[in-house]
Structures are given as C-alpha cells and as structure tokens.
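K.L.:
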Amino acid sequence: MGLEEKLPSGFALTTVEKLVGYMRKNSLWPATFGLACCAIEMMAVTTGRYDLARFGMEVFRGSPRQADLMIVAGRVSNKMAPVLRQVYDQMSEPKWVIAMGACASSGGMFNNYAIVQGVDHVVPVDIYLPGCPPRPEMLMDAIIKLHEEIKNAKLGINRAKIIKEVEAAALAAKPTIELKGLLA
Amino acid sequence: MTAVQPQTDLITLTIDGFEVTVPKGTLVIRAAEQLGIQIPRFCDHPLLSPVGACRQCLVDIEINGRAFPKPQASCTIPVENGMVVKTQLTSEVAHKAQEGVMEFLLVNHPLDCPVCDKGGECPLQNQAMTSGRGESRFEGKKRTFEKPINISSQVLLDRERCILCARCTRFSKEIAGDPFIDMGERGALQQVAIYEKDPFDSYFSGNTVQICPVGALTGSAYRFRSRPFDLVSTPSVCEHCASGCSLRTDVRRNKTLRRLAGNDPEVNEEWNCDKGRWAFQYTMVKDRIATPLIRENGVLREASWPEAIAVAANGLQGKKAGVLVGGRATVEDSYAYAKFARATLGTNDIDFRSRPHSDEERDFLAAHVVGSKVRYSDIDTADHVVLVGFEPEEESPIVFLRIRKQVRKRALSVTAISPWQTRGFKKLQAKYIGVAPGAEGNALAQLSLTNQSVIVVGERLCESAGGLSAVAELARKSGAKIAWVPRRAGERGALEAGAIGNLLPGGRPISDAAARVDVAAAWSIESDSIPTSAGSDSKAIFAAAARGEIKALVIGGVDPFDMHAPDFAGLESAFVLSLELRPSAITERADVVLPVAAVTEKSGSFMSWEGRTRSFEQAVPETPHQSDLYILSLIAEALGKPLGFSTVRGAAKEFGTLANWDGARASFTSHPVANAAQGVTLASWRQLLDNGSLQVNEPNLAGTARKAVARINAQLAAKLGVANGDLVTISTDHGALSLNVELSDLVDDVVWLPRNAVASQSLRMLGVLNGAQVNIRKGL
Amino acid sequence: MSELEPKRAIDGAAEESIHIPIAGPASLFTQLKGFWVTFAAQFKKVTTVQYPEVKEPTAPRFHGRHQLNRHPDGLEKCIGCELCAWACPADAIYVEGADNSDEQRYSPGERYGKVYQINYLRCIFCGLCIEACPTRALTMTNEYELADDSRKKLIFEKEDLLAPLRSGMLQPPHPYYPGTDDQDYYHGRVTEAHPSQEQK
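Protein chains in written order, with the working numbering: chain A, 0 to 183; chain B, 17 to 796; chain C, 553 to 752.
1) By the DSSP assignment, the alpha helix (DSSP H) with Ile651/B in it spans what residues?
2) Please state whether the Cβ-Cβ distance between Leu247/B and Cys254/B is less than 8 Å.
3) What number of angstroms, rounded off, separates the C-alpha of Arg492/B from the C-alpha of Ser412/B?
4) Can you say whether Gln85/A is buried or exposed, counting buried as having 16 or more other CB atoms within 10 angstroms of its CB?
5) Does the region 606 to 621 of chain C come within contact of the region 688 to 696 of chain C, defined as at least 3 CB pairs closer than 8 Å?
6) Taking all protein chains shown into account, do 16 or more other C-beta atoms lie within 10 angstroms of the C-beta of Glu35/B, making it buried, or fewer, making it exposed?
7) Spatial neighbours of Pro39/B within its chain, please: CB distance less than 8 Å, with the 5 preceding and 5 following residues excluded, ordered by chain position.
8) Tell me the rounded alpha-carbon separation between Ala80/A and Val121/A.
9) Does at least one heavy atom of the ligand NAP sit under 7 Å from the Cβ of Ala510/B?
10) Where does Phe622/B fall in DSSP's three states?
11) Just to confirm before moving on: does the CB-CB distance between Met90/A and Asp125/A stay below 8 Å?
12) Counting C-beta neighbours from all protein chains within 10 Å, is the total for Thr548/B 16 or more, i.e. buried, or is it exposed?
13) Below 7 Å CB to CB, which residues in the same chain sit around Trp321/B once its five sequence neighbours on both sides are set aside?
14) Is there contact between the region 363 to 372 of chain B and the region 546 to 561 of chain B, where contact requires at least three CB pairs shorter than 8 Å?
15) Within the 8 Å Cβ cut-off, does Phe161/B reach chain C?
16) Which residue from Leu759/B, Leu717/B, Gln694/B and Ala734/B puts its Cα closest to that of Ala726/B?
17) Using three-state DSSP, classify Ser188/B as helix, strand or coil.
18) Would you list the residues sitting across from Gln207/B in a DSSP beta bridge?
19) Shortest alpha-carbon distance to Arg613/C belongs to which of Cys678/C, Glu709/C and Glu711/C?
20) What is the rounded straight-line gap between the Cα of Ala488/B and the Cα of Ser624/B?
21) What residues of chain C sit near Gly155/A, judged by a beta carbon separation below 8 Å?
22) Counting only beta-carbon atoms, is Ile707/C nearer than 8 Å to chain B?
23) Would you identify the three-state DSSP class for Leu556/C, choosing helix, strand or coil?
24) Please go through the same chain and pick out, in chain order, the residues whose beta-carbon is closer than 7 Å to the beta-carbon of Ala734/B, but skip the five residues on each side of it.
25) Near Tyr351/B, what residues of its chain come up, given a Cβ to Cβ distance below 7 Å and the 5 sequence neighbours on each side ignored?
26) On the DSSP letters alone, give me the boundaries of the alpha helix (DSSP H) that Met99/B sits inside.
27) In whole angstroms, what separates the C-alpha of Gly450/B from that of Ala788/B?
28) Would Ser554/C count as contacting chain A if we go by Cβ distances under 8 Å?
29) Just to confirm before moving on: does the CB-CB distance between Ala103/A and Val75/A stay below 8 Å?
30) Quick one: residues in its chain with C-beta nearer than 7 Å to the C-beta of Ser464/B, no 5 flanking neighbours on either side, listed in chain order?
31) From Ile142/A to Ile645/C, what does the alpha carbon distance come to, in whole angstroms?
32) Can you name the residues of chain C whose CB is closer than 7 Å to the CB of Glu16/A?
33) Would you call Leu511/B buried or exposed, if buried means 16 or more other Cβ atoms sit within 10 Å of its Cβ?
34) Would you verify that the beta carbon of Phe677/C is, or is not, closer than 8 Å to some beta carbon of chain A?
35) Listing by chain order, which chain A residues have their CB less than 7 Å from the CB of Tyr758/C?
36) Residues in the same chain with beta-carbon distance under 7 Å from Ala637/C, minus the five sequence neighbours each way, listed in chain order, please.
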C-alpha cells in the first residue's frame with residue numbers, strides 16, 4: 000500500500016500493525032523461481048496431498064509484478080544471480096524471500112566458483128530452509144514461520160527503529176577473521 | 017647435494033624384472049625406489065642407519081641363481097652384481113611375508129585410530145590398507161600400557177601404539193646425540209623408555225614425533241587439535257634463527273596449529289629444532305596489537321589507518337631521523353627500511369643490530385660477510401671447523417647437526433674456542449680451547465688452518481674486541497672460509513639489504529661514489545641526496561636521540577633490552593614510530609604504533625647465514641595485518657617521497673636488481689685484542705629455549721628449556737666456598753642476580769650465565785657483556 | 553548455386569505453415585465428459601494432509617536432524633575424532649577435540665568432542681557422517697522442521713545436538729561407572745549411572 004509507512008507512531012499504529020500483518024500474511028503470492036531439484040518439491044507443495052491452496056498461495060505467479068514472495072528453490076549460479084536480483088527488484092513491495100534448500104541458503108555442497116554461496120549475497124532472505132531438497136512439509140513449515148514473521152512485522156517508525164538497531168549491531172560486530180574460537 | 021658425487025663403482029641388478037644400475041653400497045630398498053617400486057617399510061629412514069627392526073620390507077632375493085632360503089629385509093641388504101630381487105609385486109612369497117609381518121605388527125597395535133593424532137597421515141594405517149590383510153586372525157587380548165606418558169613436557173609416548181621400529185632412538189643417538197630414550201624390556205613388553213631421572217630434554221625431540229611411523233610419539237601442543245584433512249599446508253621458512261630451515265606450516269581456519277620440518281637436503285635435510293617446530297603461538301596471543309595506536313595526552317588510543325599514517329608522516333616530516341630495523345625483518349622488509357631511511361628520510365642512521373654490537377663488527381660485516389657465499393656444503397667438505405663465539409647447539413641448531421653429521425661420518429676435526437666446554441662441544445668431539453671471555457683473539461692467532469677450513473663465527477664475538485680482527489687475519493693467512501652465523505633470521509638479509517649505516521643494498525660501501533650513483537639510479541633519486549658518511553649504529557642512534565640530535569625514530573620490532581644498558585631518554589623526547597606485533601618497551605613510549613603482520617601472515621624471504629635466499633608464502637590466508645614494507649610505503653607516500661613499491665614482490669624485484677655488487681668491498685682495519693679484565697669475568701649467551709619474545713605462550717616448549725644456573729669451575733667454587741647447587745649472587749653497578757651454582761668445565765675465574773633465561777636475564781639485569789668484570793659472592 | 557536458393561526454401565516453409573488445420577468446436581458430449589471428471593472427483597476421498605495440524609510420520613529411516621547420543625550413564629558417545637567432518641561432502645561439520653581427564657570426563661577414553669557444530673545450511677542430509685561415526689555417537693532423528701530466519705541460528709552447537717538426558721543418566725562431566733573402563737562402555741556393559749558418579 001505504501002500508506003501504512005506514513006502512519007504516526009503510537010497506539011493507533013500497533014492496531015494497524017496487527018491488522019496489516021494479518022492481511023499480508025494471508026495474501027501471499029509466490030513468484031516461481033525454481034532453479035534445480037528443490038523446485039520439484041516446491042511444485043509438490045501445490046499438489047493435492049500438501050495443497051498450498053489452504054494458505055491461499057497456490058497461484059505461483061509468472062510475473063514478478065503480481066508476486067510478493069520469492070521462493071528461491073535450487074542452486075543459484077553466478078550467471079543466474081543478476082536475473083534473480085532483477086526479478087526481485089520487479090516484485091512490488093512489501094516482498095519476502097525464502098531460501099529453499101542448502102544450495103540457495105549457503106551454496107550447500109557446491110562450494111565452488113560457479114555457485115553463489117547463499118542467495119543472501121544477492122537479495123535479503125527472510126527464511127532459510129535447510130534440506131537437500133527439503134520435503135514439502137519442510138517448505139510449508141518455512142512458509143508458516145514466514146507467516147508468523149509477517150504477522151508480527153512492525154510498521155512506520157517502529158520498523159525504522161528496528162532497522163537502525165540491526166544496522167548498529169552489524170557495524171559493531173567483529174569481522175569474521177577476527178573471531179577467535181577455542182583454537183586461538 | 018649440490019656437489020657432484022664422485023663416480024663410484026656401479027652395480028647392476030634386477031628388481032621385478034627391471035634392470036637398474038646404482039652405486040655400490042646402495043640398499044635394495046633404495047634401488048627399488050629408483051625404479052618407482054615402493055616396498056612397504058617402517059623402520060627404514062634414508063638419513064638413519066639401517067636396522068631392519070620392523071621386517072615389513074621383506075623381499076625375495078637371489079644372487080647369481082642362488083636364492084636366499086627366506087625373504088630378506090630389503091632395507092639392510094646392499095645391492096650386489098647379478099642380484100635378482102622380487103618384491104611383493106612379483107613374488108607371492110614376499111607378498112605373503114609382508115602380510116604376515118603386518119598382521120604381527122597389528123596384533124598389539126590398538127585400534128584407536130579415531131582418537132590418534134597420527135590418524136589420516138599414518139604410515140601404519142596406509143600400509144595396512146595397501147599391504148595388509150583385510151581381517152585379523154588374532155582373537156586374544158591386546159597388550160595394554162598406561163597411555164599416554166609424558167617423556168618430556170612436549171613429547172607424549174603411547175607405548176601401545178609403538179611398533180618398535182627404533183626410528184626415534186636411532187635419531188636421538190645418531191643425529192641429535194641426545195640418547196635420552198632407548199628400548200627397554202624384552203619380547204612383547206619391549207618399549208621405548210627414558211632413563212628414570214632424565215626426561216627427554218633434547219632440543220631436537222620434535223623430529224622423533226615427525227618420523228614416528230605410528231602415533232606412538234605425539235606432541236603435547238598438538239594433541240587432539242585437528243586432523244590432516246583440516247589443515248592447509250604451506251611450505252615456509254623458520255623465523256627463529258639464521259639456520260634457514262624449511263618448514264611446513266599447517267593452518268586450520270586461520271590458526272597455525274603445527275609446524276613440521278620441511279625436506280631440504282641442502283639446508284636442514286629433514287630436521288629442525290624444537291623452537292622452530294613448536295614456538296609459533298606468539299602470532300596468536302591475546303595482546304597482539306590489532307589497530308593503529310596514536311599517543312594523545314600521554315595515552316595510546318586506537319585510530320584508523322589513514323589517521324595514524326598521517327600522524328606518523330607529520331611526525332617524521334623534515335626531522336633528522338634514525339631507523340632501527342631489528343633482526344627479525346624479512347629481506348624485503350629490511351630493504352624497505354633501508355630505502356625508507358635513505359630515499360625518504362635522507363639519513364644513513366639505520367642499523368639492524370638491535371643487540372650488542374661494535375664498530376669493528378660493522379667493518380667486518382662490510383668487508384668479509386656481505387656477499388659471501390659459504391654454504392652448509394662447505395662444512396661437508398671442510399677439513400677443520402673452528403667455532404668461535406658460537407655454541408652451535410644453542411645458537412644455530414642446524415649448523416650443529418650438520419657439523420655433527422660430518423663428525424660422525426668422517427671424524428671431522430672441530431675446534432671450539434670458548435670459556436666453557438659445553439655439552440654441545442662434547443657431542444661434536446671438539447678440541448676445546450678454553451679462553452677467558454674477551455681473549456678469543458689470542459687463541460685464534462695460535463691456530464693454523466688450510467683453505468678447506470671453515471671458521472664459524474658467532475655474532476657475539478663482536479663483544480670481544482679484536483676477536484673479529486683475529487678471524488679476518490686467520491682467514492687471510494690460511495685462506496679459510498668465514499661463516500658468520502647471526503642468531504636472528506633477518507640479520508644476514510638486513511645486512512645484504514643495506515639496513516646498516518655503512519652499506520647500501522647489495523653490500524655497496526656508502527663511501528664509494530660509484531655505489532651511491534648506482535643505487536640512486538635504481539631508486540630514481542638524485543645521487544647526492546644519499547648522505548656520504550656512514551651513519552650511526554643502534555647504540556649511537558639512541559644516544560643521539562637522548563642528546564636531541566635525532567628528533568624522530570622509526571623502530572621496527574626492536575626490544576631495547578636486547579642491548580645492554582639501553583638508554584630510554586631518547587625515546588621520551590623524540591617522535592617515535594613503532595611497527596610492532598605486541599606491546600613492548602618501545603610501544604610504551606612510542607607516539608604512533610602500527611601493527612604489522614607476523615611471518616605467517618605475509619610472504620617474503622629470509623636470508624640464512626649462508627646468504628641463501630629462503631622465500632616463503634603467506635601461510636594464514638585471512639589476516640587484517642599488513643607487512644612492514646606496505647606500511648612504510650604508505651608513510652613514504654604521505655611524506656611525498658614514495659618508495660616505488662608496495663608489495664613484497666615489487667620490493668623483491670627491485671632488490672634483485674641491486675643485490676649483486678661487483679665493485680670493491682669495504683676495507684677492514686684490524687683492531688687489537690683488548691686486555692683481559694681483572695677479577696672474575698662474565699661469559700654469557702642465549703640458550704635455544706629462553707625468555708625470547710617469539711616463545712611466549714608455549715608452556716610445553718618452555719618445559720624442556722635448560723635450567724638457568726650460574727656455571728663456575730671447581731677452582732672458582734673453592735675460592736668462593738660454594739658447592740654444586742649453592743646460591744651465588746652476581747652483581748655489577750647496574751644490578752644483581754642470584755642463581756644456583758652448577759660446577760662445569762669452565763676456565764678459571766669465569767662465571768657463565770644464561771643471557772635471557774626466564775629466571776635470569778643477565779643482559780638486562782647486569783647490563784654488561786662478555787668479558788666484563790663482575791662481582792660474585794656466596795648466598796644472596 | 554545461387555545465393556537465393558536458401559531464402560526461397562524459407563519462404564516456402566512460411567507459406568506452408570499458413571495452412572495448419574484448426575480444429576472446430578468439440579461436440580457437446582466431449583465437453584460433458586470433461587465436466588464429469590471434475591464432478592466425480594468431489595466424491596473421492598480427500599488426500600490432503602492437514603499439515604501443520606496433522607503431521608504424518610516420516611519413513612523410519614528418514615534423514616532428519618542429527619543427534620549426539622549418550623552412553624546409558626550419560627557420558628557422551630562422541631570422542632571428537634572428526635571422522636564425520638572428514639566424511640562430510642559439504643564440509644558442514646566442525647569438530648574440535650580435547651583431552652578427557654579423570655576430573656573432567658565427558659566421554660570414555662582419552663578424547664572428547666569439545667566443539668561440535670553442524671551447519672544445517674550446508675548439510676545435505678546424506679548420512680555419510682552417520683556411516684563414518686565409529687562409536688554410533690552421531691545418528692539422525694526424523695525431525696525436519698528446521699527453517700529459521702538467520703544463518704547463525706542454523707549452525708547447531710553441541711548443546712543443540714546432544715540427546716536429552718533420560719532417566720538414569722547423569723550430566724557429564726562425571727567419572728566412569730565404578731570398576732569399569734572405556735572398553736566396558738564400548739561393549740555395552742555399562743547400563744545405568746551409579747550414584748557415586750555424580751559430581752558436585
């Protein structure tokens with residue numbers, strides 16, 4: 000909508016947050032982004048046995064403009080990364096990303112020059128889903144966890160505050176090469 | 017070996033149907049290696065004498081049609097003409113014999129590979145897979161021992177795992193000459209044992225861990241730390257002394273976990289000393305300086321790199337400066353310091369000798385050491401080796417092993433000129449010439465050598481006035497080679513790189529106009545911008561700073577307490593820029609402290625005492641630290657007089673063009689031998705394992721350091737009325753220290769003290785050098 | 553050969569493609585047949601599993617989250633040997649071993665796993681680690697609900713992976729069951745904890 004971002008903080012906002020969260024959570028449309036084996040499990044989620052329609056999500060949109068959830072299912076090659084980013088950019092706000100499976104989450108067993116080591120190098124990821132590939136229940140579990148996240152999402156000034164806190168924590172964090180384990 | 021082997025009798029034999037021709041005396045197992053036929057083995061080691069203990073290398077042999085009745089151990093049998101050898105590849109008998117031996121070895125070997133440190137790189141594990149049976153027929157109870165036991169603070173012995181190959185005991189006896197371990201008991205209970213009272217305190221004990229073909233000997237420091245597959249190995253070079261050992265550094269996730277001796281037949285063969293193997297924690301200590309520090313209102317505060325560089329450049333701008341390099345810099349870093357001093361700061365006041373030094377030494381280095389190419393192989397072919405101002409086992413252990421090898425092999429005659437006949441000298445069967453400290457020159461004058469002889473000179477001979485002059489004179493007279501062995505890895509490289517007041521890079525004398533033009537052209541600067549007179553040495557630089565003549569100091573990795581009676585006044589008044597790893601007496605007083613990369617965190621090269629370039633690559637892949645030369649290039653840039661390189665490769669390339677000088681060397685004028693001091697004089701040097709700053713955080717290693725004692729001979733003991741173990745106090749105007757006495761084979765009226773032991777830092781506490789008069793009394 | 557010939561061939565193909573026969577409207581019966589399939593499906597048994605309310609059990613050998621098992625008296629079975637890490641094709645396991653002592657005993661024998669981490673974002677649940685484990689310390693459960701919102705949370709530490717203490721077990725570190733040694737543990741001769749093993 001965009002309008003909710005302009006709301007002033009205060010008691011009105013919390014109620015609006017709840018309402019908006021409830022609505023958003025129940026109106027997710029995924030964009031198809033099946034890249035490899037995980038895509039087969041992603042398709043299976045829409046079949047009768049798992050029936051993603053129960054969450055109102057059975058319509059995998061071909062156009063990113065009509066989608067607000069990207070399920071990155073499969074290994075992202077370096078060549079695919081800009082495409083993925085473009086599709087993500089074309090999706091309308093608000094939008095979410097699930098990194099489905101080990102490869103999308105971290106590169107998985109493909110720790111090599113060809114594969115992006117985690118799709119979070121390209122787009123912000125909301126839920127990471129392990130598995131190789133994850134079974135359909137695991138994807139549904141990830142979606143339910145994402146729903147929870149969306150339901151409790153903050154808006155407007157509260158959201159800005161959280162972003163600021165996260166940013167500050169990230170700046171203060173030690174770089175990984177300075178982290179000392181037991182071996183130090 | 018580089019030297020061409022003299023043509024000996026050749027012998028032709030057949031192994032597995034292939035003919036091979038090898039020199040007489042070659043063992044069958046080596047001849048097979050030449051054909052690429054691998055015979056399994058445990059006890060066999062090319063540098064140890066054959067023993068035939070493990071029996072794993074059994075092969076079928078027949079000579080001129082007559083076969084041995086049983087398979088023979090190929091590691092003990094030399095080749096013969098007309099020999100036909102059938103290994104496990106072609107002989108069913110040999111194959112079965114090897115399988116049988118393997119089965120026997122495994123009867124008592126525990127199956128604890130999952131918890132064994134050797135697991136994954138274990139010759140027994142590997143050869144059990146390649147030449148053992150799949151199944152064991154042994155159903156009894158395995159022999160067990162208490163495990164593991166500490167045979168020294170750094171070596172653990174697990175007797176269950178031992179297969180009695182005797183590699184460790186042979187190494188200790190033959191190579192190191194420290195027979196502290198040997199086989200004890202008999203039959204199934206035979207085991208490696210130590211003498212009840214003597215732990216395995218050898219300086220070379222780490223090599224036994226490395227050559228153990230099973231996990232029977234393991235290092236305490238590396239116990240359960242990682243697995244071979246975790247480790248990324250990088251060939252590297254030891255930074256502890258000037259021997260120039262090649263090493264293998266094993267790193268797990270940016271942490272150095274262990275170092276092993278590399279295989280370099282020309283230098284360290286396959287050995288190294290325990291310091292080189294086990295002292296590496298200093299790069300990972302908690303108090304390592306992580307960010308640049310700037311002094312503000314008397315306190316150091318963290319700063320960003322651009323800010324610190326700007327402050328440093330500002331502090332150096334337009335001031336008369338001195339540069340102290342320290343003996344641990346790589347060749348490239350030393351070269352950067354040398355160029356930084358000349359081209360950027362416009363001074364010759366640079367010195368790498370952060371230790372006792374003399375003008376005589378500086379002239380000696382310029383005339384007789386820089387550019388010289390005496391090698392380890394010269395020891396191999398020498399007819400006589402003279403050790404003066406040098407205790408090889410303590411000060412350069414690989415030189416010790418090399419001399420000892422020749423002593424064992426061909427009874428090389430060794431002469432040691434020293435105030436104390438140490439155990440190291442005894443192990444070299446050296447002819448001991450006892451002299452009072454300071455009088456080495458007189459003893460040298462008595463010697464007669466040939467042009468095949470080698471005079472091995474330690475850096476501390478500079479403390480005896482006239483000593484180095486006597487060496488030069490002896491070499492001139494006889495044509496003997498001079499091997500100057502400094503203690504630190506960077507000293508020879510720094511000398512060649514010109515990090516000294518009287519030399520430009522490549523050993524060009526500063527007084528030589530052609531040399532200055534040469535260097536200035538390479539640096540693209542005006543040739544008259546290089547000062548023509550020799551600069552001050554370290555001591556004089558500190559003194560000049562104290563007097564206010566030098567207003568800025570650039571100090572890289574120098575511990576002022578390595579010099580006697582250091583003068584801190586200059587550090588207080590001058591602007592001090594310190595490039596350091598860890599807080600030190602310099603950083604406490606510095607105005608800007610910049611953290612630098614340790615040896616494992618950068619590439620570069622050291623120059624061994626031979627003048628051999630020993631390059632190494634960065635072992636730790638990810639590090640926030642930068643090398644000295646990169647930091648100096650940033651400061652030079654900020655000062656408007658860039659160095660012209662900012663990478664190790666760039667510096668090495670530029671130094672390569674300057675490294676050789678075919679012009680005249682500096683001349684050397686003899687100094688007279690000083691008169692000996694009256695009364696009791698001091699003799700002291702550093703021991704291998706001591707309080708050195710590169711040995712911090714190594715409790716296991718420190719456990720095998722030799723005890724700090726004051727050594728006197730029976731004559732002096734009688735005079736003082738002390739017995740072995742009594743406390744004596746040695747004092748000077750500077751200070752005093754008390755130690756227990758150990759009666760040793762010293763010359764009269766000399767007391768020997770360790771220079772930098774944990775309990776006794778004689779240099780720091782007494783503030784005097786070898787040959788100085790000290791007071792000694794019984795009790796506290 | 554003139555250069556025009558290939559072009560003519562293409563033109564010819566374009567002309568032919570114009571004459572594709574287009575099917576006319578289907579007959580009424582055919583259409584009804586289609587509706588009948590949909591209609592009849594209403595009376596079929598619904599196959600949908602109402603996840604997450606209803607969770608069908610997985611196959612018994614399903615590869616789910618790992619578990620670090622314990623001996624019956626609570627000592628850990630893991631000896632920190634890193635063979636699982638060695639076997640892992642995705643390099644998802646990180647182990648650091650350490651020394652057991654009689655005062656601080658976590659597992660039978662000399663060595664225990666001091667640090668044990670599995671990165672579930674790398675893990676491909678292939679089970680090679682389970683095959684490699686020499687003490688059956690590492691096994692897999694059927695638990696699969698692992699999704700989370702940060703990379704960090706998906707690196708499971710030893711505490712997350714260790715099996716819960718069942719009745720009769722004591723929290724390590726604690727000494728051996730009285731009168732036993734590591735061999736007795738490996739041969740399954742220790743079946744419960746003894747009160748004297750408890751450490752204050």
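All C-beta atoms, glycine included, are put in the ideal place defined by N, C-alpha and C. As the structure is a prediction and not an experimental result, all values here were calculated from the model.
P.N.:
According to the data block:
1) Going by DSSP, Ile651/B is part of the alpha helix (DSSP H) stretching over Asp644 to Ala654.
2) For Leu247/B and Cys254/B, no; Cβs fall outside 8 Å.
3) Distance between the alpha carbons of Arg492/B and Ser412/B is about 25 Å.
4) So Gln85/A counts as exposed.
5) Segments in contact, yes.
6) With fewer than 16 other Cβ atoms from the protein chains shown falling within 10 Å of its own Cβ, Glu35/B counts as exposed.
7) Within the same chain, Cβ atoms closer than 8 Å to the Cβ of Pro39/B are found at Gln21, Thr24, Asp25, Leu26 and Ile27, the five residues on either side in sequence being excluded.
8) Rounded to the nearest angstrom, the two C-alpha atoms are 7 Å apart.
9) The ligand NAP is absent from the structure shown, which contains no ligands of any kind.
10) Strand at Phe622/B.
11) Against a cut-off of 8 Å, the Cβ pair of Asp125/A and Met90/A comes out as no contact.
12) When all chains shown are included, Thr548/B counts as exposed.
13) Correct list, in chain order: Pro308.
14) Because the criterion of three Cβ pairs below 8 Å is met, the region 363 to 372 of chain B and the region 546 to 561 of chain B touch.
15) The beta-carbon of Phe161/B is placed no less than 8 Å from the nearest beta-carbon of chain C.
16) Of the candidates Leu759/B, Leu717/B, Gln694/B and Ala734/B, the one whose C-alpha sits nearest the C-alpha of Ala726/B is Leu759/B.
17) DSSP places Ser188/B within a helical segment (H, G or I) once states are collapsed to three.
18) In DSSP, Gln207/B forms a bridge with Gly200/B.
19) Out of Cys678/C, Glu709/C and Glu711/C, Cys678/C has the C-alpha closest to the C-alpha of Arg613/C.
20) In a straight line, the C-alpha of Ala488/B is about 21 Å away from that of Ser624/B.
21) Ordered by position in chain C, no residue passes the 8 Å Cβ test against Gly155/A, which lies about 21 Å from the chain.
22) Output row for Ile707/C: interface = no.
23) Residue placement at Leu556/C is flagged as unreliable, the pLDDT there being 48, under the threshold of 50; a coordinate-derived value is accordingly withheld.
24) Counting only Cβ-Cβ distances below 7 Å, and skipping sequence neighbours, we find nothing.
25) Excluding residues within five positions, the ones whose Cβ falls inside 7 Å are Ala513, Pro521, Ala667 and Phe671.
26) No alpha helix (DSSP H) contains Met99/B, which is instead part of the beta strand (DSSP E) from Met99 to Lys102.
27) Those two C-alpha atoms are separated by around 17 Å.
28) Here Ser554/C scores only 46 on pLDDT, less than 50, and its place in the model should not be relied on; the value that follows carries that caveat. When Cβ-Cβ separations below 8 Å define contact, Ser554/C makes no contact with chain A.
29) For the 8 Å CB-CB criterion, Ala103/A and Val75/A form a contact.
30) Excluding residues within five positions, the ones whose Cβ falls inside 7 Å are Ser494.
31) Approximately 27 Å between the Cα atoms of the pair.
32) Going along chain C, no residue has its Cβ under 7 Å from Glu16/A, so there is no contact; the nearest lies around 18 Å.
33) Residue burial is scored here from C-beta neighbours: Leu511/B has at least 16 other C-beta atoms within 10 angstroms and is therefore classed as buried.
34) Phe677/C counts as touching chain A.
35) The requested residue 758/C is not part of the displayed model; chain C covers only 553 to 752.
36) For Ala637/C, where only same-chain residues beyond five positions count, the Cβ hits under 7 Å are Ile645, Tyr646 and Val647.
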